[in-house]
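Participant: Below is a structure I'd like to ask you about.
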Amino acid sequence: MTTHTATPTSTPTSTPATVHTILRADGFSCPSCVAKIEKQIGRLAGVTGVTVFFATARIEIDHDPAVVSTDALIAAVGKAGYTARLAAF
Numbered sequence: 001m002t003t004h005t006a007t008p009t010s011t012p013t014s015t016p017a018t019v020h021t022i023l024r025a026d027g028f029s030c031p032s033c034v035a036k037i038e039k040q041i042g043r044l045a046g047v048t049g050v051t052v053f054f055a056t057a058r059i060e061i062d063h064d065p066a067v068v069s070t071d072a073l074i075a076a077v078g079k080a081g082y083t084a085r086l087a088a089f
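Residue numbers (UniProt numbering): 1 to 89.
As structure tokens, this is what we get:
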């Protein structure tokens, strides 16, 4: 698992308890990787939305941090077979 020290890029969305977190992933080799990651993260309780951008290896997640932590999001990417870290910006 990748160690991270950056602060997540998080902004409030329509629900006060929901934040928008951006991760960067490594290991993408084809567009089907997108579906694997979206499925794995989407299964987590507290996740209300996930979008993976293949070209930039960017993962944007709307989630309730009281239910699912950033570490759990990164671990879910790992379960899909890829490494992820918090985006610096």
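For each residue, glycine too, the CB sits at the ideal point set by N, CA and C.
Identify which residue in V68, I22, A72 has its Cα closest to the Cα of A80.
Facilitator: Here the closest residue by C-alpha is A72.
Participant: Assuming G46 and V19 are in contact, meaning their beta carbons sit under 8 Å apart, how far apart are those beta carbons, in whole angstroms?
Facilitator: Their Cβ separation, rounded to whole angstroms, is 10 Å, which puts G46 and V19 out of contact at 8 Å.
Participant: Please report how far the alpha carbon of T2 lies from the alpha carbon of F53, in whole angstroms.
Facilitator: Caution is warranted here: a pLDDT of 35 is assigned to T2, below 50, making its placement in the model unreliable, and no coordinate value can be reported.
Participant: What does a CB cutoff of less than 7 Å around E38 pick up in its chain, not counting 5 residues either side in sequence?
Facilitator: Cβ within range, chain order: V50, V52.
Participant: Return helix, strand or coil for V47, following the three-state DSSP convention.
Facilitator: Strand, per DSSP.
Participant: For the putative contact between I41 and A17, defined by C-beta atoms under 8 Å, what is the C-beta separation to the nearest angstrom?
Facilitator: With 8 Å as the limit, I41 and A17 do not qualify as a contact, their Cβ atoms being about 18 Å apart.
Participant: Quick check on the burial criterion: 16 or more other C-beta atoms within 10 angstroms. Buried or exposed for A55?
Facilitator: So A55 ends up on the exposed side.
Participant: Tell me the rounded alpha-carbon separation between V34 and A84.
Facilitator: For V34 and A84, the distance between alpha carbons rounds to 13 Å.
Participant: Identify, in the order they occur along the chain, each residue of the same chain with its Cβ nearer than 6 Å to the Cβ of H63, setting aside the five sequence neighbours on each side.
Facilitator: Cβ neighbours of H63 beyond the five flanking positions: G46, V47.
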